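Peer 1:
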Amino acid sequence: MPTEFISLTFNNASTELKPIPGAAIDPEYLKRYARSLDDYAFNYTLVPYGSSSFDPFTIGATIASVTKNLKVIIALRPNTLYPTVAAKALATLDQLSSGRAVVHFIAGGSDAEQAKEGDFLDKDQRYARLEEYIRILRRAWESPEPFDWEGKYYQFKQFSNDVRPVNGTIPVSVGGSSDEAYRIGGSLADIFGLWGEPLKETKQQIDRIYAESDKAGRSEKDRPRIWVTFRPIIAETDDLAWAKAHKTLDALTTHRANGLGKAPANAPAPQNVGSQRLLDIASRGEVQDRALWYPTVTATNARGASTALVGSYQTIIDSILDYVDLGAELISIRGYDNFNDAVDYGRYILPGVREVLESRASN
Ligand SMILES: Cc1cc2nc3c(=O)[nH]c(=O)nc-3n(C[C@H](O)[C@H](O)[C@H](O)COP(=O)(O)O)c2cc1C
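Going by full-length UniProt numbering, the sequence shown opens with residue 1, and the numbers climb by one from there.
Next up, the structure:
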């Protein structure tokens, strides 16, 4: 499988550098951003989910309608949609986009966040429900016959689905760093999403996922593809990139102190293991490996993907190749100056990485 690139969807001009509190969707911005990802040959865009954020399905359909190749990854929390409804919604998007729908499952990392939409299960139960949910979706996409379901979290009778994915099924991604995330993702997912950790820790996580995949009886070829996520801060030279990185950090710190950050200034320690891991690594030093930078993690309380990669175009290309060599096939990169960074990556990073991979393949 080739190395592919993922970005994140942005609905308007608000960024972490220049937040616009309460900004509505700017349809023209959304479409321009999505078309640019397509034009610069990104392969996927993730439409994220939060309890107070926009509906990913209508955003995903809008993106699909203005792009040709870009695949749309819908972030989905099982508590928000009955599984048969989700199976049809995803298959509807898949048909509308001629087979470009992907789903990224989130068990839910914070009890308080889950409670906002009526979900009071603990994290282990949320993972158990996720496992059942994925099995139902696959069955709903693939079953030629109506079927009953008698599970712990869902029960229904004679569900019959007329809305089929274009290619028979839809790629399923799982994200998280709990033991249960590795087990469920390793045994059931096509893709496993990770946040940016140093090479050593990333390798440890990949080994855990592969071990779970093997334990579930999957062949080596059938293991989940690994997705890693970074927030590159790039410029023509390393020095210029570091100057930009420090300005970025200043902006994040100031906005958080003024209540405009992604996490409140007095936010408690995060409950999800993925963020705890990032904060733990951040406490060990600012820079890891070639260019992985952690102060952006601490400044945002590790709210979401937050590890930066700082350096010249070449430094970032080399850093990404380090992860490709480790086994990552899906590289998610988004910056802090959302639109301009996506264009810069499209001009300098994606072609640079692809050129090296092509020349390796032809030798
Ligand atoms: C690549 C990636 C993307 C994610 N996207 C979202 C998202 O859109 N919304 C969300 O609430 N959590 C998102 N998460 C967070 C985790 O899925 C979440 O914290 C998980 O449910 C529990 O994490 P844990 O197993 O590390 O404790 C994402 C995680 C990863 C690795």
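Backbone N, C-alpha and C define an ideal beta-carbon position, used for all residues, glycine too. In this text the structure is predicted, and so the values were computed from the model without any measurement.
By Cβ distance, which residues of its chain are closer than 7 Å to GLN155, with the 5 residues on each side in sequence left out?
Peer 2: Here the set comprises TRP149.
Peer 1: Identify which residue in GLY217, TYR33 and PRO78 has its Cα closest to the Cα of ILE136.
Peer 2: PRO78
Peer 1: With a threshold of 6 Å, establish whether the CB of THR229 neighbours any heavy atom of ligand 1.
Peer 2: yes
Peer 1: DSSP three-state call for VAL163: helix, strand or coil?
Peer 2: In the displayed model, VAL163 falls within coil according to three-state DSSP, outside both helix and strand.
Peer 1: Can you check whether the CB of SER173 is closer than 7 Å to the CB of ILE191?
Peer 2: In contact: ILE191 and SER173 (Cβ atoms closer than 7 Å).
Peer 1: Skipping 5 residues on each side, what residues in its chain have a beta carbon closer than 7 Å to that of PRO21?
Peer 2: Taking PRO21 as the centre and dropping the five residues before and after it, the same chain places the C-beta of LEU260 closer than 7 Å to its C-beta, in chain order.
Peer 1: Count the C-beta pairs between the region 126-142 and the region 101-111 that are closer than 8 Å, then say yes if the count reaches three, no if not.
Peer 2: Enough Cβ pairs lie closer than 8 Å, so yes.
Peer 1: Could you tell me the alpha carbon to alpha carbon distance between LEU70 and ALA291, rounded to whole angstroms?
Peer 2: 28 Å
Peer 1: Which of the three DSSP states is assigned to TYR40 in this structure?
Peer 2: coil
Peer 1: Report the option in TYR323, ARG100 and PHE54 whose CA atom is closest to the CA atom of GLU201.
Peer 2: Residue TYR323 is the option with its Cα nearest to GLU201.
Peer 1: So, do the region 35-49 and the region 313-327 have three or more beta carbon pairs nearer to each other than 8 Å?
Peer 2: no
Peer 1: Which of the three DSSP states, helix, strand or coil, is assigned to ALA308?
Peer 2: strand
Peer 1: Please classify GLY82: is it buried, with 16 or more other beta-carbons within 10 angstroms of its beta-carbon, or exposed?
Peer 2: The question names Gly, yet the displayed sequence has Tyr at residue 82. When all chains shown are included, TYR82 counts as exposed.
Peer 1: Once you ignore the five residues that flank residue 370 on each side, which residues in its own chain have a CB closer than 6 Å to its CB?
Peer 2: As shown, the chain starts at 1 and ends at 363. That puts residue 370 outside it, with no answer to give.
Peer 1: Where do the ends of the beta strand (DSSP E) carrying GLY285 lie?
Peer 2: No beta strand (DSSP E) contains GLY285, which DSSP labels as neither H nor E.
Peer 1: Consider the C-beta atom of VAL273 and the heavy atoms of ligand 1; say whether any pair is separated by less than 6 Å.
Peer 2: yes
Peer 1: Does the Cβ of THR237 have 16 or more other Cβ atoms within 10 Å, making it buried, or fewer, making it exposed?
Peer 2: exposed
Peer 1: Using 8 Å as the threshold, is the region 311-318 in touch with the region 226-243, meaning 3 or more CB pairs across them?
Peer 2: yes
Peer 1: Along the chain, where does the alpha helix (DSSP H) that runs through GLY185 open and close?
Peer 2: Per DSSP, GLY185 belongs to the alpha helix (DSSP H) from 179-188.
Peer 1: So, ALA89 versus PHE57, is the Cβ gap smaller than 7 Å?
Peer 2: It is a contact, given that the beta carbons lie within the stated cut-off.
Peer 1: Between which residues of its own chain and LYS262 is the CB-CB distance below 6 Å, once the five residues before and five after are set aside?
Peer 2: THR300 and ARG303
Peer 1: Looking at ligand 1, does it come within less than 6 Å of SER187, judged from the CB to the closest heavy atom?
Peer 2: With a cut-off of 6 Å, the C-beta of SER187 is classified as distant from ligand 1, since no heavy atom of the ligand falls inside that distance.
Peer 1: Give the straight-line distance between the Cα atoms of ARG354 and LEU121, rounded to the nearest whole angstrom.
Peer 2: Those two C-alpha atoms are separated by around 43 Å.
Peer 1: Hey, is LEU90's beta-carbon within less than 7 Å of any beta-carbon in chain C?
Peer 2: Here chain C cannot be found, since the structure has a single protein chain.
Peer 1: State yes or no: is the C-beta of GLY118 nearer than 6 Å to some heavy atom of ligand 1?
Peer 2: no
Peer 1: Determine the burial state of HIS246: buried for a count of at least 16 other Cβ atoms within 10 Å of its Cβ, exposed for fewer.
Peer 2: Using a 10 angstroms sphere on the CB of HIS246, the tally of other CB atoms stays under 16, which defines it as exposed.
Peer 1: I need the straight-line Cα distance from ALA34 to THR9, nearest angstrom please.
Peer 2: 7 Å
Peer 1: Following the continuous beta strand (DSSP E) through ARG231, name the residue where it begins and the one where it ends.
Peer 2: 225-235
Peer 1: Tell me which same chain residues have a C-beta within less than 6 Å of the C-beta of PRO48, skipping the five on either side of it?
Peer 2: Hits under 6 Å: ALA75.
Peer 1: If you run the structure through DSSP and keep just helix, strand and coil, what is residue 365?
Peer 2: There is no way to answer for residue 365, as the model of the chain reaches only from 1 to 363.
Peer 1: Have a look at ILE209 and LEU357 and give me their C-alpha separation to the nearest angstrom.
Peer 2: Rounded to whole angstroms, ILE209 to LEU357 spans 25 Å at the Cα level.
Peer 1: Specify, as a first and last residue, the run of the beta strand (DSSP E) that ASP148 falls within.
Peer 2: Where ASP148 is concerned, the enclosing beta strand (DSSP E) stretches over 147-150.
Peer 1: Taking the CB atoms as reference points, tell me whether THR307 and GLY196 lie closer together than 7 Å.
Peer 2: yes
Peer 1: Relative to the C-alpha of LYS18, which residue among GLY335, GLY352, ILE6 and PRO351 is closest?
Peer 2: GLY335
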